[in-house]
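Chemist: What follows is a structure written as structure tokens; I'll ask about it next.
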Amino acid sequence: GFLRSADTSYLAGPDDIYVSPNQIRRFNLHTGDTIEGTVRVPKNDERYFALVRLDSINGDHPEVCKHKILFENLTPLFPTKQFKLERDIKAEENLTSRAIDLVSPIGRGQRALLVAPPKSGKTVMLQNIAHAITANYPDAELIVLLIDERPEEVTEMSRSVRGEVVSSTFDEPATRHVQV
2 GFLRSADTSY LAGPDDIYVS PNQIRRFNLH TGDTIEGTVR VPKNDERYFA
52 LVRLDSINGD HPEVCKHKIL FENLTPLFPT KQFKLERDIK AEENLTSRAI
102 DLVSPIGRGQ RALLVAPPKS GKTVMLQNIA HAITANYPDA ELIVLLIDER
152 PEEVTEMSRS VRGEVVSSTF DEPATRHVQV
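In the numbering used here, the protein residues as written are 2 to 181.
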């Protein structure tokens, strides 16, 4: 297996880090795990960096993660805590946040899908939501996923949002959209 970088939206590249099948089995590693460890440079006949020692998996000690429950086997629950998006600022951005709080509140751990025609303001709305969450909840881990967007929209989102932005632009094949 390979470790991919968030900097490249998890696309395969020459800087990927090879993880041996033995390590994958030993530590019960799965797609989406965040790994910290020591790597070594490629030897003469190798093309990739290699993971030599595993220090943590998803922020926990590797031994703790050996017996983790797979995501698909977890019990889905409704969110119990709401993200309050309204802030103490006098800006149009706050009106959007207030409207979302009233009409369609967002809960911690909740996923949302926003589908709208081009140029209808969905990217600005996502930015407003992201800004409100990072301002009101600095401990929250924010991941913004953009599928089939214009490259300039992705750049704008990456520059303005304090969080991870994962994307697949409209000029990429549908298989890439699914992969992301």
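Even for Gly, the Cβ is constructed at its ideal location relative to N, Cα and C.
Classify A133 as helix, strand or coil using the three-state DSSP reduction.
Modeler: Three-state DSSP puts A133 in a helix.
Chemist: Can you list, in chain order, the residues of its chain with a C-beta nearer than 6 Å to that of R99? Leave out the 5 residues immediately preceding and following it.
Modeler: Hits under 6 Å: E87.
Chemist: Hey, how far is the Cα of I134 from the Cα of V53?
Modeler: Their backbone Cα atoms lie some 37 Å apart in a straight line.
Chemist: Would you kindly work out how many angstroms separate the C-alpha atoms of H62 and P77, rounded to a whole number?
Modeler: Each residue's Cα considered, the two are about 25 Å apart.
Chemist: Of all the options T81, H31, G108 and D16, which has the alpha carbon lying nearest to the alpha carbon of E47?
Modeler: Taking only the C-alpha atoms, the option nearest E47 is D16.
Chemist: On the three-state DSSP scale, how would you describe Q83?
Modeler: Of the three classes helix, strand and coil, the one that applies to Q83 here is strand, per DSSP.
Chemist: Look at the alpha carbon of A117 and the alpha carbon of K123, and state the distance between them as a whole number of angstroms.
Modeler: About 7 Å.
Chemist: Within this structure, are the beta carbons of V20 and L12 separated by less than 8 Å?
Modeler: No, these two residues do not count as a Cβ contact at 8 Å.
Chemist: Taking the CB atoms as reference points, tell me whether K85 and N137 lie closer together than 8 Å.
Modeler: Taking 8 Å as the Cβ cut-off, K85 and N137 qualify as a contacting pair.
Chemist: Is the beta carbon of I130 closer than 8 Å to that of I101?
Modeler: Cβ atoms of I101 and I130: closer than 8 Å.
Chemist: Within its chain, find whatever has a CB closer than 8 Å to the CB of F3; leave out the 5 residues flanking it on each side and keep chain order.
Modeler: The residues are A13, D17, I18, Y19, V20 and Y49.
Chemist: Measure from the alpha carbon of E1 to the alpha carbon of each residue in L146, M126, Q83 and V65, then state which is nearest.
Modeler: Nothing can be reported for residue 1: it is not among the residues displayed for the chain, which extend from 2 to 181.
Chemist: Which residue's Cα is closest to the Cα of S168: S10, S6 and R5?
Modeler: Residue S10 is the option with its Cα nearest to S168.
Chemist: Checking 8 Å against the spacing of the C-beta atoms, do E37 and D8 come in under that value?
Modeler: No, Cβ-Cβ distance for E37 and D8 is not below 8 Å.
Chemist: So T170 and E150 are in contact, right, with Cβ under 8 Å, and what is the actual spacing, rounded?
Modeler: Sure, about 6 Å apart at Cβ, within 8 Å.
Chemist: Report the residue ranges of all beta strand (DSSP E) runs contained in full by the stretch 14 to 83; include only those spanning at least 3 residues, in chain order.
Modeler: 36 to 41 and 50 to 58, all fully within the stretch 14 to 83.
Chemist: Restricting to Cα atoms, I'd like to know which of K120, P139, E157 and V179 is closest to I148.
Modeler: Closest option to I148, Cα to Cα, is V179.
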